[in-house]
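Written out below as structure tokens is the structure these notes cover.
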Amino acid sequence: FMDKLVDHLFILEGDAKIRDFNGTYSEYRELKRLEDKEKPKEEQTPILETEDPLANLNKATYEQRKDFARLEKEIKKLEEKKNEITLKFDDAALSSENIMDLSLKLDEIISQISEKEEKWFELAELM
-11 FMDKLVDHLF ILEGDAKIRD FNGTYSEYRE LKRLEDKEKP KEEQTPILET
39 EDPLANLNKA TYEQRKDFAR LEKEIKKLEE KKNEITLKFD DAALSSENIM
89 DLSLKLDEII SQISEKEEKW FELAELM
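Each residue of the sequence shown is one higher than the one before, counting from -11 in our numbering.
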């Protein structure tokens, strides 16, 4: 039936590929059958596809990206607190007790910044 209607075919093969075939539908089916027969021979020699280990390294999970953004915000806030405390040291009227308290707070903030930056760097490597 189709042989009487068409002598030129456009075959949509998927993946946005269009195959232009000059001939009847029966000729196309015969060609397709021969191609399918040839394919198994090609598939008999398996090609081992190894997974690229570097491909997975750069794929951070949603949670890791979320933690990365959260850590950036936390580090920024801690840096601001650190700057506030350092500015308080400029006050000449500070007592030795206040200086000790501020020093302890500053040490604690610096260690928190260090921990969070370390985690941030680990996550940055995954991105």
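Glycine included, C-beta positions come from ideal geometry on N, C-alpha and C. Note that the structure is a prediction, hence the values are computed from the model and not measured.
Check	Outcome
At the level of alpha carbons, what is the spacing between D17 and Y50?	A small fix is needed here, since residue 17 is Arg in this sequence, not Asp. Roughly 48 Å between the two C-alpha positions.
From the DSSP output, in three-state form, read off D79 for me.	coil
Measure the alpha-carbon distance for E113 versus E103 and round it to whole angstroms.	16 Å
Decide if the stretch 61 to 72 is in contact with the stretch 96 to 111; the criterion is three or more beta carbon pairs, one per stretch, under 8 Å apart.	yes
Residues in the same chain with beta-carbon distance under 8 Å from V(-6), minus the five sequence neighbours each way, listed in chain order, please.	T12, Y13
If you check the beta carbons only, do E1 and R7 fall under 7 Å apart?	yes
Does the distance from the CB of K76 to the CB of L66 come in under 7 Å?	no
On the criterion of 16 or more Cβ atoms from any shown chain inside 10 Å, does I101 qualify as buried, or is it exposed?	buried
Quick one: what's N71 bridged to in DSSP?	Partner(s): none; N71 has no beta bridge.
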